Every structure is written in structure tokens, then in C-alpha cells.
Amino acid sequence: MGENWSAKNPYMTKITENYILNGEGSRKETRHIVFELGDSGLDYKVGDALGVLAENPPHIVDEIIEVQGWDRDHTVTTHNGERTLYDALKKDFEVHLANKKFVKSLAEKVVSSGMKISMNLISRTRNETSWTPTSDQQLPPSLQPSIPSEDPSEQVAAITVDAKTIEDYLWTRDYIDIMREFDVKYAPEEFLEIVDRLKPRLYSIASSHDAHPGYVELTVGIVRFEYNNRPRGGLCTQFLADEIDTSGAPIGVFMSPTKSFILPADKDTDIIMVGPGTGIAPFRAFMEQRVFDGGSGKNWLFFGDQSSKTEFYYKDTIESWMDEGHLYRFTTAWSRDQEEKIYVQHRLKEHGAEVWEWFERGAYFYICGDKTYMAKDVHRALIAIAIEHGGLSEEDATHFIEKTMMKEQKRYLRDVY
0 MGENWSAKNP
10 YMTKITENYI
20 LNGEGSRKET
30 RHIVFELGDS
40 GLDYKVGDAL
50 GVLAENPPHI
60 VDEIIEVQGW
70 DRDHTVTTHN
80 GERTLYDALK
90 KDFEVHLANK
100 KFVKSLAEKV
110 VSSGMKISMN
120 LISRTRNETS
130 WTPTSDQQLP
140 PSLQPSIPSE
150 DPSEQVAAIT
160 VDAKTIEDYL
170 WTRDYIDIMR
180 EFDVKYAPEE
190 FLEIVDRLKP
200 RLYSIASSHD
210 AHPGYVELTV
220 GIVRFEYNNR
230 PRGGLCTQFL
240 ADEIDTSGAP
250 IGVFMSPTKS
260 FILPADKDTD
270 IIMVGPGTGI
280 APFRAFMEQR
290 VFDGGSGKNW
300 LFFGDQSSKT
310 EFYYKDTIES
320 WMDEGHLYRF
330 TTAWSRDQEE
340 KIYVQHRLKE
350 HGAEVWEWFE
360 RGAYFYICGD
370 KTYMAKDVHR
380 ALIAIAIEHG
390 GLSEEDATHF
400 IEKTMMKEQK
410 RYLRDVY
């Protein structure tokens, strides 16, 4: 693999392509991003992930410095050596979201003064799941319940009762919000002792190195929303969308190999892939590799998102695979193209008889995407298919899916997040 590139020693590359995949009118922003590997010697296989080292948004760094009254050119020493305070906040630490340690530190900063403050406390356990953050949306009213005004010291005591209350408090807040709510001041060195170190983000690779030698490609969902009249979003996704373009600005990357999310060794083995939304990323790579390898194994892809008009990612490529016979079957689930919401687990059940036939012939089953809802729903659908079409009891069906396929035969593989 050439030099030992890693999170601590990333390869400084550049982006050669960075474009939006969504159609006009989409409420989402999903990008296809291509990185040049140059003379790095970096290699990868399909199923691997790319580690990306992002930086904090400049407006957040500037605002923290302004709120605290710091000198941006003040010299500090971090785990990466001596640098200006601005560079330390931008490149070395996670400052786009606050941590629990910072909330707990408020107790030493806030004293009871009779001053009243007002804040919203939102529980992360909620029934409303239809809201999707975009660049011009506030949290809906149903997610903005208020709690009474309290004395600052009493309020800090209330929100630090246990881990759950701290998590709920932090769910909609960053350092700037909290600094303003409690009007607290920190010395730069004191603040840097509290905040977390900046961590790399991992993304499923969406390309085959055999198909795209010298490059690695990603499918990235950009997270944006607005709260308290301030823009918020994902650290790395916003960095890739807003700060890094194709002009040659350097960005640090490294490979994160997988040991388990891999194609069958036998190229003639059939595979079923379930990847809604950006979960399609590794399966674009899988398909490119399967086409390159030229085996006889059949490929069945389940894909879905909100609408075929705006979220049909890689449509032309998928249609070409179909026309050329590389993709045996392509099954879609568009949740908002009809009155009744349809998801990939519904399509799996609809095709349950054929899915079971593929399982009996030794097909591998892959899933990539949301672990909180989608992956669990798909897992339940597989057990239901084993019961209905395999004639198994619930206990035996569960054993077959969770023990036989997943653990013993290792042909039920997941990349969920």
C-alpha cells in the first residue's frame, strides 16, 4: 500500500469532482465526490471505507473567538504542536458540537445571582421521524417544548442530574449556544483542555479501484439545518460541500479496510444488495467490481429514497448495468411517490419467495445504511421471509438468519451506521 498512511499520517490529496446527485426540487443534498490518489500508493478493495480529516466551519470558529473575546493569533500548544488559537480550533478539536465535559464544567462557572435564564430542553426520544433537516428549515414546533426559567446555578444542576438529561440538553446545542445562555468565559487553554480532539470521519467507498485506478469515490449525504437562527450541520459533510472544491485545496485521507463486508470469493455466487439512500455507495463499488471480474453470479439491488424524480442516484449507470445484463434485478422503493409510504423492507417481503430461493442457492445478502430503523426493519423482513417461504418456525427462522447465515456461513453482511 505504499507509505503507511493513517489518521495520524494522512495522505494530502485533492478533489477532482464534487457534484450534487439530487434532481431539482429535492429536499436533500447528496454529492458524488472523487479524490485523486496520485503517487500515494494507496490501494483499496470494495467494501472498504475512506477516512477523511475535516476542519471546523470558519464561521463557528470565528464566533467562538468573538463570544469569548479571545485573540485569534494567541499561541497555544495542542497534540499537533504549537499553533495559533484559530488554527487549533479549526483543525485540532471538535467545536461544532458541545460535549458532556463542557456542560459539567458550567457548575464551576455559574453562580446563583438571581438572574433568570430561559432555554428549551428537547428530548431525543421522539415519535416524529418525518422531519428531515435542510439548509432552510428550523426544527418543527413539535420538537421545541420549553421548560420554565430557572436560576443559572439551579439550571446547571438540573441539566447535569444524569447522562440522559445532559444528552437531551446537548441534542440541539453547540458551544456558542451554551456560552451565550450562561454568559460564561474560559481561558483558551482551559477550553482546549475540555473539548474533544477532532476525529476523522469514515465513508463507505463507492468505487472499484480496478474500474477507477488512481481514484477513490464517495457518495455523501450533506447534513444541514438551522436552529436558533444559526446554520448547523455535519462537520465533515459541510466541509466537503462548502470548503473543499476542485481547485486543488488539500484534504487528508486514509484507507480503513474491512475484514468482513466483502464480496464472495467465488465470482459465480449470487448476491442481493439492499442500500437505500447513500447506502447505495458500497454497492456501486460492488457492481463495478463484479462487472470488472466477469463472473456469472447474479446481482440483485434493492434501492430506495423519497422520490424517483429527485433521489434516483446513479440512474444512468444502473440502467446501463440492466441493459448490459450485469444487474439481474433492480427493485426500488420510493417512499413519497405514492400516498402509502413504501420502504425497502416492504419490497423484500413482496419478493420473498424469490429471495428465499436465492438464499437456498447460497446467495450472499448485504445491507448498508441506517442502523436505527432501516437495518432492523430489513432484518425482521428476512425472518418473516424465512417463516413464510422457508416453512420455518419463528425460532428456527431467527436461528437461520442470525446464526446460520450471519455467523456461521458469513453470507449475511452489514455495513450500518
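Everything in the sequence shown is counted per numbering that gives the first Met the number 0, starting at 0 for the first residue and increasing by one. All C-beta atoms, glycine included, are put in the ideal place defined by N, C-alpha and C. In this text, all values refer to a predicted model and were calculated from it rather than measured experimentally.
(1) Between the Cα of Leu239 and those of Tyr10, Ala6 and Glu16, spot the shortest distance and give me the residue it belongs to.
(2) Can you tell which of Lys103, Glu216 and Trp69 has its C-alpha closest to the C-alpha of Thr204?
(3) May I have the straight-line CA-CA distance separating Phe260 from Trp333, to the nearest angstrom?
(4) Bridge partners for Tyr214 per DSSP, in chain order?
(5) Please go through the same chain and pick out, in chain order, the residues whose beta-carbon is closer than 8 Å to the beta-carbon of Ile175, but skip the five residues on each side of it.
(6) In whole angstroms, what separates the C-alpha of Asp369 from that of Tyr416?
(7) Assuming Ile270 contacts Gly296 under a Cβ cut-off of 8 Å, what Cβ separation, rounded to an integer in Å, is found between them?
(8) When the distance is taken between beta carbons, is His73 closer than 7 Å to Leu88?
(9) Could you check what DSSP says for Pro187 in three-state terms: helix, strand or coil?
(10) How about Asp315: is its C-beta nearer than 7 Å to some C-beta of chain D?
(11) Relative to the C-alpha of Gly46, which candidate in Met178, Glu54, Ile279 and Ala396 has its C-alpha closest?
(12) Spell out the partners DSSP gives Lys13 in its beta bridges.
(13) Spatial neighbours of Asn227 within its chain, please: C-beta separation below 7 Å, excluding the five flanking residues on both sides.
(14) In angstroms with no decimal places, state the Cα-to-Cα distance between Thr331 and Gly251.
(15) So what does DSSP say about Ser112, is it helix, strand or coil?
(16) Would you kindly report the start and end of the unbroken alpha helix (DSSP H) that includes Asp176?
(17) Please determine, among Lys198, Glu225, Tyr202 and His350, the residue with the shortest C-alpha to C-alpha distance to Asp173.
(18) On a Cα-Cα basis, can you pick out the residue from Arg360, Glu54 and Arg283 that is closest to His208?
(19) For a minimum of 4 consecutive residues, which ranges assigned as the alpha helix (DSSP H) are wholly contained in the segment 199-246?
(20) Is the segment 380-397 close to the segment 309-329, with three or more CB pairs under 8 Å?
(21) Taking the beta carbon of Phe291 as the centre, do at least 16 other beta carbons fall within 10 Å, making it buried, or is it exposed?
(22) If I'm right that Ala6 touches Gly37 with Cβ under 8 Å, what's the distance once you round it to whole angstroms?
(23) Quick check on Phe291: does DSSP put it in helix, strand or coil?
(24) Look at the alpha carbon of Gly294 and the alpha carbon of Ala162, and state the distance between them as a whole number of angstroms.
(25) Please identify the residue among Phe301, Thr245, His78 and Gly40 whose C-alpha is closest to the C-alpha of Lys348.
(26) Are three or more beta carbon pairs between the segment 393-410 and the segment 341-357 nearer than 8 Å?
(27) Cutting at 7 Å between CB atoms, please list the residues of its own chain near Pro56, excluding the five before and the five after it.
(28) Residue range of the beta strand (DSSP E) that Leu84 falls in?
(29) Exposed or buried, Glu287, counting other C-beta atoms within 10 Å across all chains shown (16 or more means buried)?
(30) Using the Cα positions of Pro263 and Ala53, report the straight-line distance between them to the nearest angstrom.
(31) Do the CB positions of Ile193 and Val102 come within less than 7 Å of each other?
(32) In angstroms, rounded to a whole number, what distance separates the CA positions of Glu180 and Cys367?
(33) Which parts of the segment 333-376 are runs of the beta strand (DSSP E), unbroken and 3 residues or longer, counting only runs that do not cross its ends?
(34) Give the single residue among Arg223, Gly324, Thr77 and Pro256 whose Cα lies nearest to the Cα of Thr29.
(35) Just the Cα atoms here: how many angstroms apart are Leu41 and Leu197?
(36) Counting only the same chain and skipping the five closest in sequence on each side, list residues whose C-beta sits under 8 Å from that of Asn3.
Looking at the atomic coordinates:
(1) Glu16
(2) According to the sequence as given, residue 204 is Ile; it is not Thr. Per the Cα distances, Glu216.
(3) 26 Å
(4) Glu35
(5) Ile59, Glu62, Ile63, Val66 and Arg229, listed in sequence order.
(6) 5 Å
(7) 6 Å
(8) no
(9) helix
(10) As a matter of chain content, chain D is missing from the structure shown, which is built from one protein chain.
(11) Comparing Cα positions, the closest option is Ile279.
(12) Paired residues: Glu35.
(13) Asp176
(14) 35 Å
(15) At Ser112, the pLDDT of 47 sits below 50, so the modelled position is not reliable; the number obtained from the coordinates is stated separately. Coil.
(16) Tyr174 to Phe181
(17) Here the closest residue by C-alpha is Glu225.
(18) Arg283
(19) 234-237
(20) no
(21) exposed
(22) That pair is no contact at about 19 Å.
(23) DSSP places Phe291 in helix when its eight states are reduced to three.
(24) If you take the alpha carbons of Gly294 and Ala162, they lie about 52 Å apart.
(25) For the set Phe301, Thr245, His78 and Gly40, the Cα lying nearest the Cα of Lys348 is the one of Phe301.
(26) no
(27) His95 and Gln237
(28) Here Leu84 belongs to no beta strand (DSSP E); instead the alpha helix (DSSP H) covers Leu84 to Lys90.
(29) buried
(30) 33 Å
(31) no
(32) 40 Å
(33) 363-368
(34) Nearest C-alpha to Thr29: Arg223.
(35) As the crow flies, the alpha-carbon of Leu41 is around 23 Å from that of Leu197.
(36) none
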